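Have a look at the structure below before the remarks.
Number of protein chains: 2
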Amino acid sequence: MRKAPVSRRDRPAKPPLSRDGVIAVALRILREEGLEKVTMRRVAGELDTGPASLYVYVANMAELHGALLDELLSDLSDISGQWREGVIDLLGQYHEILDKYPGLARSVLVLRPAGPRYIRLIDTLLGLLHEGGVPPAQAAWGVDLLLQMATASAAEHGGDEQSDQGQIEAVRDADPADYPNVGRVKEELFAGTGMERRRWALTALLEGIAATPVA
Amino acid sequence: MRKAPVSRRDRPAKPPLSRDGVIAVALRILREEGLEKVTMRRVAGELDTGPASLYVYVANMAELHGALLDELLSDLSDISGQWREGVIDLLGQYHEILDKYPGLARSVLVLRPAGPRYIRLIDTLLGLLHEGGVPPAQAAWGVDLLLQMATASAAEHGGDEQSDQGQIEAVRDADPADYPNVGRVKEELFAGTGMERRRWALTALLEGIAATPVA
DNA sequence: ACCTGAACACCGTTCAAGT
DNA sequence: ACCTGAACACCGTTCAAGT
Numbered sequence: 254m255r256k257a258p259v260s261r262r263d264r265p266a267k268p269p270l271s272r273d274g275v276i277a278v279a280l281r282i283l284r285e286e287g288l289e290k291v292t293m294r295r296v297a298g299e300l301d302t303g304p305a306s307l308y309v310y311v312a313n314m315a316e317l318h319g320a321l322l323d324e325l326l327s328d329l330s331d332i333s334g335q336w337r338e339g340v341i342d343l344l345g346q347y348h349e350i351l352d353k354y355p356g357l358a359r360s361v362l363v364l365r366p367a368g369p370r371y372i373r374l375i376d377t378l379l380g381l382l383h384e385g386g387v388p389p390a391q392a393a394w395g396v397d398l399l400l401q402m403a404t405a406s407a408a409e410h411g412g413d414e415q416s417d418q419g420q421i422e423a424v425r426d427a428d429p430a431d432y433p434n435v436g437r438v439k440e441e442l443f444a445g446t447g448m449e450r451r452r453w454a455l456t457a458l459l460e461g462i463a464a465t466p467v468a
Numbered sequence: 254m255r256k257a258p259v260s261r262r263d264r265p266a267k268p269p270l271s272r273d274g275v276i277a278v279a280l281r282i283l284r285e286e287g288l289e290k291v292t293m294r295r296v297a298g299e300l301d302t303g304p305a306s307l308y309v310y311v312a313n314m315a316e317l318h319g320a321l322l323d324e325l326l327s328d329l330s331d332i333s334g335q336w337r338e339g340v341i342d343l344l345g346q347y348h349e350i351l352d353k354y355p356g357l358a359r360s361v362l363v364l365r366p367a368g369p370r371y372i373r374l375i376d377t378l379l380g381l382l383h384e385g386g387v388p389p390a391q392a393a394w395g396v397d398l399l400l401q402m403a404t405a406s407a408a409e410h411g412g413d414e415q416s417d418q419g420q421i422e423a424v425r426d427a428d429p430a431d432y433p434n435v436g437r438v439k440e441e442l443f444a445g446t447g448m449e450r451r452r453w454a455l456t457a458l459l460e461g462i463a464a465t466p467v468a
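So this is what it looks like as structure tokens:
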């Protein structure tokens, strides 16, 4: 069934474009269909205009991705408990959010996000490290690292399962005579669930940050 | 001046296509002009054929990137000294190689590389950790992490300086009343050169890996 | 100032058809 | 089996021209 034609005056007036409007549409497409569908052309289409019009409100695709991250970060909730658990919990939440959108995680990795919610996240993490007595220089450099690791871990997902499988095979088939060290720990290399490994990784990094003086 | 037409028999016979040939051409373009220029169309063009022909020898772009990484890794040289310094040195070399091609680093992050030189790198790192008395499970999980960090750090480069600058500004302008923890360590957040921070990061992570038992 | 149509300059991958 | 021309199904960004 065809839609009945709608005359210009019956159709709701096209709302004026705005940065918030652009981001809201992009966010909806992201949530419903994934990052691949968030193209300038598609966002513009849903706003009844052409892609060129968006460049009045966003500088480029990278900036739009940054804005999307900040929107997603509003799902971060308060954490509780001791500082170590707090850091792990908060970074776990951050990872969980990004893990749904591996493509966005890849963008974020090169983005240096600057939105208010991201700065808030940095501030909260710094507060927890401070509470734990981590010296300021280590805390400052460490927060970058913790966020990088959580982001990279989300970015790693959603590559082809094919190449995942390729590495597993290559390692499993590695001749122990040629690769003695791989041979010795072959089982350990594949052990553990993603979550177990991620949790251990965060714990280890946190430990190192707290224990390693700068210069 | 136009090139004189070359008859079919004067022109050197077009060498048959091969996987190695495809990779060799891609590697040359990568070294001379960067990853953006390594397109299927361009590689095919230099081999006097169309892009479709390459798919006989490489499954897709991701696999080609994996092959390029493995070629680049032949520049890794032997390391010496104690195990800690060895790990830092080797990962420093790895980072230096990837740092020239941030786009490739981004690919590698989602790639799970499986080439022989990458497996060799894993084996060498495992050997060093073993030498240092790091328990096998920690070593196995830790190598993944160390490589992930080195790769992510190379991938971060070569985003717009614009967004780099954006984050620095956002942090510098953050109101200390709103973001007290950022306020407290503002200088530390920007301190240090890239190399100093990278070296510290690797040291801290290595420390954590060695000190944090699995499960 | 804001908005846009149209163009610019490309992509990776597939597939039917050839040899 | 290997190879390919042509097409499919798109991209982000710029810019001259309009309002």
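Just so you know, the protein sequences line up as chains A and B, in that order.
Residue numbers for the first sequence follow the working numbering, so the first one is 254 and each next one is one higher.
Residue numbers for the second sequence follow the working numbering, so the first one is 254 and each next one is one higher.
Cβ coordinates follow ideal geometry from the N, Cα and C atoms, glycine included.
Everything numeric in this text was worked out from a predicted model, so none of it was measured.
Selected residue, minimal CA-CA separation from residue i, among the options
i, options, result
"residue 437 of chain A", "B/442, B/426, B/464, B/388", "B/388"
"residue 499 of chain A", "A/318, A/424, A/290, A/421", "Residue numbering for chain A in the displayed model covers 254 to 468; residue 499 of chain A lies beyond these limits and cannot be assessed."
"residue 427 of chain A", "B/314, B/367, B/279", "B/367"
"residue 379 of chain A", "A/349, A/362, A/337", "A/337"
"residue 461 of chain B", "B/396, B/439, B/440", "B/396"
"residue 382 of chain A", "A/402, A/269, A/441, A/464", "A/464"
"residue 466 of chain A", "B/373, B/467, B/449", "B/449"
"residue 405 of chain A", "B/361, B/441, B/435", "B/361"
"residue 330 of chain A", "A/457, A/454, A/316, A/345", "A/345"
"residue 274 of chain A", "A/290, A/297, A/384, A/286", "A/297"
"residue 434 of chain A", "B/372, B/307, B/410, B/409", "B/372"
"residue 355 of chain B", "A/364, A/425, A/353", "A/364"
Segment limits, alpha helix (DSSP H) that includes residue i
i, result
"residue 375 of chain A", "369 to 384"
"residue 316 of chain B", "314 to 325"
"residue 355 of chain A", "355 to 362"
"residue 341 of chain B", "336 to 352"
"residue 289 of chain A", "Unbroken run through residue 289 of chain A: none, as it is neither H nor E."
"residue 462 of chain A", "447 to 464"
"residue 437 of chain A", "433 to 437"
"residue 400 of chain A", "389 to 409"
Residue-chain proximity (residue i, chain B), Cβ-Cβ < 7 Å
i, result
"residue 452 of chain A", "no"
"residue 446 of chain A", "no"
"residue 407 of chain A", "no"
"residue 394 of chain A", "yes"
"residue 372 of chain A", "yes"
"residue 455 of chain A", "no"
"residue 465 of chain A", "yes"
"residue 209 of chain A", "Examination of residue 209 of chain A is not possible in this model, given that chain A is present from 254 through 468 alone."
"residue 362 of chain A", "yes"
"residue 458 of chain A", "yes"
"residue 420 of chain A", "yes"
"residue 390 of chain A", "yes"
Residues that residue i contacts on chain A, provided the C-beta gap is smaller than 9 Å
i, result
"residue 376 of chain B", "427, 431, 432, 433, 434, 435, 436"
"residue 520 of chain B", "Not covered by the structure: residue 520 of chain B. The range shown for chain B is 254 to 468."
Proximity test, Cβ basis, 7 Å: residue i and chain A
i, result
"residue 441 of chain B", "yes"
"residue 462 of chain B", "yes"
"residue 261 of chain B", "For residue 261 of chain B, the pLDDT reaches just 36, beneath the cut-off of 50, and the residue's location in the model is therefore unreliable, although a value from the coordinates is still provided. For residue 261 of chain B, the answer is no, since every Cβ of chain A falls outside 7 Å of its Cβ."
"residue 387 of chain B", "no"
Proximal chain A residues relative to residue i, where beta-carbon distance stays under 7 Å
i, result
"residue 417 of chain B", "365"
"residue 357 of chain B", "Near residue 357 of chain B there are no residues of chain A at all, since even the closest Cβ is about 13 Å away, more than 7 Å."
"residue 300 of chain B", "Correct list: empty, because the minimum Cβ distance to chain A is about 24 Å."
"residue 424 of chain B", "372"
Chain A contact residues for residue i, given Cβ-Cβ distances below 8 Å
i, result
"residue 402 of chain B", "398, 401, 402, 405"
"residue 380 of chain B", "433, 434"
"residue 311 of chain B", "None at all; the shortest Cβ gap to chain A is about 12 Å."
Within chain B, the residues that residue i reaches when beta carbons sit closer than 7 Å
i, result
"residue 335 of chain A", "Chain B residues near residue 335 of chain A: none, gap ~17 Å exceeds 7 Å."
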